[in-house]
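Engineer: Protein chains in written order, with our numbering: chain W, 10 to 416; chain H, 649 to 796.
The beta carbon of each residue, even a glycine, is placed where N, CA and C say it ideally should be.
Because the structure is a prediction, the values reported are computed rather than measured.
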Amino acid sequence: MALKFPIYMDNHATTPLDKRVLEAMLPYFTQDFGNAASRTHAYGWHAEAAVEDSRETIADYIGAESGKEIVFTSGATESDNLAIKGVAEYYKGKGNHIITTTIEHKAVLDSCKRLEKEGYTVTYVNAGPDGLVNPADIEAAITDKTILVSVMLANNEVGTIQPIGEIGAITRKRGVLFHCDAVQGFGKTPFDVQRMNVDLASLTAHKIYGPKGVGALYVRRSKPRVRLVAQMDGGGHERGNRSGTLNVPGIVGFAKAVSIFKQEGVAEADRIRGLRDRLHGAINKELDSVFLNGHPEKRLPGNLNLSFSFVEGEGLMMAIKDVAVSSGSACTSASLEPSYVLRSMGLDEELAHSSIRFGLGRFNTEEEVDYVAELVIGKVKRLRELSPLYEMHQQGIDIKSIQWAAH
Amino acid sequence: MAYSDKLLDHYENPRNVGTLDKDDPSVGTGLVGAPACGDVMRLQIRVSPEGVIEDARFKTFGCGSAIASSSLATEWIKGKNIDEAASIKNSQIAEELSLPPVKIHCSVLAEDAIKSAIEDYKAKRAARLALDASPAEAPTAATAPASL
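(1) Tell me the rounded alpha-carbon separation between Ala789 of chain H and Pro662 of chain H.
(2) Just to make sure I have the definition right: I need the residues of chain W whose C-beta is within less than 7 Å of the C-beta of Arg773 of chain H. Which are they?
(3) Considering only C-alpha positions, which residue in the set W:Leu315, W:Val238, W:Lys154 and W:Asp208 is nearest to Lys232 of chain W?
(4) Output the boundary residues of the beta strand (DSSP E) element that contains Gly324 of chain W.
(5) Counting contacts by CB-CB distance shorter than 9 Å, is Thr708 of chain H in contact with chain W?
(6) Let me make sure I understand the geometry here. Which of H:Gly678, H:Arg773 and H:Asp671 has the alpha-carbon closest to that of Pro759 of chain H?
(7) For Ala214 of chain W versus Gly259 of chain W, is the C-beta distance shorter than 9 Å?
(8) Please tell me whether Phe709 of chain H and Thr722 of chain H are closer than 9 Å, where the distance is taken between their beta carbons.
(9) Applying the 10 Å Cβ sphere with the 16-neighbour rule, what's the burial state of Pro347 of chain W?
(10) Is there a Cβ from chain W that is less than 9 Å from the Cβ of Ile715 of chain H?
(11) Relative to chain W, which residues along the region 688-700 of chain H have a C-beta separation below 9 Å, given in chain order?
(12) So, are the CB atoms of Gly72 of chain W and Arg183 of chain W less than 9 Å apart?
(13) Under 8 Å: do the region 283-295 of chain W and the region 365-378 of chain W share three or more Cβ pairs, one atom per stretch?
(14) Using a C-beta cutoff of 9 Å, does Leu668 of chain H count as contacting chain W?
(15) Is Val80 of chain W near Glu247 of chain W, with beta carbons less than 9 Å apart?
(16) Here's the rule I'm using: 16 or more other beta-carbon atoms within 10 Å means buried, otherwise exposed. How should Pro144 of chain W be labelled?
(17) Taking Ala414 of chain W as the reference, give the member of H:Leu757, H:Asp731 and H:Ile701 with the closest Cα.
(18) Taking Cβ-Cβ distances shorter than 7 Å, what residues in chain H pair up with Trp54 of chain W?
(19) Using a C-beta cutoff of 9 Å, does Phe319 of chain W count as contacting chain H?
(20) Along chain H, which residues have their Cβ under 7 Å away from the Cβ of Ile408 of chain W?
(21) Are at least three pairs of beta-carbons, each pair with one atom in the region 19-38 of chain W and one in the region 389-400 of chain W, less than 8 Å apart?
(22) Taking only runs of the alpha helix (DSSP H) that begin and end inside the region 112-153 of chain W, which ones reach a length of at least 4 residues, in chain order?
(23) Check whether the Cβ atoms of Leu691 of chain H and Ser718 of chain H sit closer than 9 Å, and answer yes or no.
(24) Please tell me whether Gly324 of chain W has its Cβ less than 9 Å away from any Cβ of chain H.
(25) Leaving aside the five residues before and after Ala46 of chain W along the sequence, list all residues of the same chain whose C-beta is less than 8 Å from its C-beta, in chain order.
(26) Hey, Ala225 of chain W and Leu212 of chain W are a contact pair by Cβ (cut 8 Å); roughly how many whole angstroms apart?
(27) Within the 9 Å Cβ cut-off, does Gly686 of chain H reach chain W?
(28) Name the one or two DSSP bridge partners that Gln692 of chain H has.
(29) What are the boundary residues of the beta strand (DSSP E) that Leu209 of chain W is part of?
(30) With H, G and I counted as helix, E and B as strand and the rest as coil, what does DSSP make of Val160 of chain W?
(31) For Gly168 of chain W, which of W:Ile151, W:Gly194 and W:Ile147 has the nearest alpha-carbon?
(32) Which residues does DSSP list as the beta-bridge partners of His50 of chain W?
(33) In chain W, what lies closer than 9 Å to Val665 of chain H by C-beta?
(34) So for Phe14 of chain W, helix, strand or coil by DSSP?
(35) Cα separation between Gly43 of chain W and Leu745 of chain H?
(36) Residue range of the beta strand (DSSP E) that Cys189 of chain W falls in?
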């Protein structure tokens, strides 16, 4: 089969829609187009039935007790905002302290920053050098003012899978609510809100081959019952938790994407892990001074985050423009700061600038992996020929021993 | 980010990549930037007794704009005398390559690299002249460890 360029290996950013998902969605644009809130005719009833089925499918997949615990949103950013701000506002009489980690997504971190401006106190727990959060650090941060702990299931940059079950055991014991941004790990690693004692969970469809613009927030209804202050005012949809006409085709697509994972997820994870390891193995065989960022085993099957020492990430991405990947290099962001996730893991700034994230997914093939491995190896070798740092390294000069003038 | 054809050409076909002997008295070396900032340029010049840059070489760790800026810098300074080369401004490099605003610092670094190489050459020459003026000293100063 001929390769299609650029080869997409950025499945942490988003995934292509699975054709089976698209097929499931199509009737809800033109035939069953009703407003799920319309109670007076069949168009509305059909739409509502499709939404309720979808709710059950998603609830069942994450181990929730009922579809009533699923609040549909526009995506994970909204889910994170609703969970954190909604809980903080509702429980402000109980306490004003929130605990999260330095490697969370910006939707969590910036929601917390907003709350700090409003008088809440937030503790940001660091991940270790392996990109894993230590549950003991979370426990040590809990005070009698703590109302919420928010930790992600899997990190979007280094793919590390956090010990959610252990953290959930702690928060349950201490009577603190636990929110999990499950966006990256959901479908790709086991996630069960009962077993892991998760009280709120953010989900999104477009990371699991579903459509963009639809997500969900799981909100526990019993033991304990979690309450929220809605952040969107209007018609009181979603049991008053989130007003706004439901995105019916999106919700149907979301549930279809979930049911595909339910059927095929385990086998798919094995296949993708195999591709990832093949890519890693091929690169390691040909190149020295390549470092894996994040824990070697406790990571998403499709995640390969590598630092190619002595080569700058954006420079490398320009050289491998036949592949769609992303980099922790400063140059890819407007801020000119390298990845805050890699830095908070204590990675050398030089290595943070040299990082590339490969995100493999459902539609990648062995042929693509072999092509990408060869391309990356060739281009890294070429850029190292251009790199004064590599020349120094070969001459045995320790780059850290040089007094660099920061600029 | 959309890059200009000139920038892409310098990135894909960089001119004057390489290394000159830093201990050669006619060679000046500039090493600017820092690995932690994501770019390091090393630019070297070989200067004739008349003060003309006969050869220029570079190696750069950095993004495409940094590589292209240093490649262009070597192309421009070759054949110029050192005073002309020292007058090249970062804005000329940025304009030639149509650098986007977030990449202007790459051209600043290239200007710094040119100036730094020229200063290194001048400092070496001054040290040599001082040495020539005091024949009592043993002529072994060239073995001093260089920072590179």
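Structural biologist: By the coordinates alone:
(1) Bear in mind that the predicted position of Ala789 of chain H carries a pLDDT of just 46, short of 50, making it unreliable; the figure below should be weighed with that in mind. Between the alpha carbons of Ala789 of chain H and Pro662 of chain H lies a distance of about 35 Å.
(2) Residues of chain W passing the Cβ test: none, with the nearest at roughly 23 Å.
(3) Distances from the alpha-carbon of Lys232 of chain W to those of W:Leu315, W:Val238, W:Lys154 and W:Asp208 put W:Asp208 closest.
(4) Here Gly324 of chain W belongs to no beta strand (DSSP E); instead the alpha helix (DSSP H) covers Gly322 to Ala328.
(5) Using a CB distance cut-off of 9 Å, Thr708 of chain H counts as an interface residue toward chain W.
(6) Contrary to the premise, residue 759 of chain H reads as Glu rather than Pro in this sequence. If we check each option's Cα against that of Glu759 of chain H, H:Gly678 comes out closest.
(7) Gly259 of chain W is positioned such that its CB atom lies closer than 9 Å to that of Ala214 of chain W.
(8) No, the Cβ-Cβ distance between Phe709 of chain H and Thr722 of chain H is not below 9 Å.
(9) Under the 10 Å beta carbon count, Pro347 of chain W is surrounded by 16 or more other beta carbons and is classified as buried.
(10) Using a CB distance cut-off of 9 Å, Ile715 of chain H counts as an interface residue toward chain W.
(11) Per Cβ criterion, the list reads Val688, Met689 and Arg690.
(12) Judged by their CB atoms, Gly72 of chain W and Arg183 of chain W are not nearer to each other than the 9 Å cut-off.
(13) Taking a cut-off of 8 Å on C-beta distances, the region 283-295 of chain W touches the region 365-378 of chain W, as three or more cross pairs fall below it.
(14) It does not; no Cβ of chain W falls within 9 Å.
(15) Against a cut-off of 9 Å, the Cβ pair of Glu247 of chain W and Val80 of chain W comes out as a contact.
(16) Its Cβ being crowded by 16 or more others within 10 Å, Pro144 of chain W is buried.
(17) Closest option to Ala414 of chain W, Cα to Cα, is H:Leu757.
(18) Within 7 Å Cβ-Cβ: nothing; Trp54 of chain W doesn't reach chain H, min ~50 Å.
(19) At a cut-off of 9 Å between C-beta atoms, Phe319 of chain W counts as an interface residue with respect to chain H.
(20) Neighbours of Ile408 of chain W on chain H, chain order: Pro683.
(21) A contact between stretches requires three or more CB pairs, one per stretch, nearer than 8 Å, and the region 19-38 of chain W fails this requirement with the region 389-400 of chain W.
(22) Here the runs fully enclosed are 115-126 and 144-150.
(23) The beta carbons of Leu691 of chain H and Ser718 of chain H sit closer together than 9 Å.
(24) It does; some Cβ of chain H falls within 9 Å.
(25) Result list for Ala46 of chain W: Gly53, Glu57, Gly244, His246, Thr254 and Leu255, in chain order.
(26) With a Cβ gap of about 5 Å, Ala225 of chain W and Leu212 of chain W count as contacting.
(27) Using beta-carbon distances, Gly686 of chain H counts as an interface residue toward chain W, with a partner under 9 Å.
(28) Gln692 of chain H pairs with H:Thr677 and H:Arg705.
(29) Start and end: Leu209 to Thr213.
(30) Here Val160 of chain W sits in coil by DSSP.
(31) Selected option, being the one with the closest Cα: W:Gly194.
(32) According to DSSP, His50 of chain W bridges with nothing at all.
(33) Those are Glu394 and Leu395, listed as they occur along chain W.
(34) In the displayed model, Phe14 of chain W falls within coil according to three-state DSSP, outside both helix and strand.
(35) C-alpha separation (whole angstroms): 54 Å.
(36) Counting along the chain, the beta strand (DSSP E) containing Cys189 of chain W begins and ends at Leu186 to Asp190.
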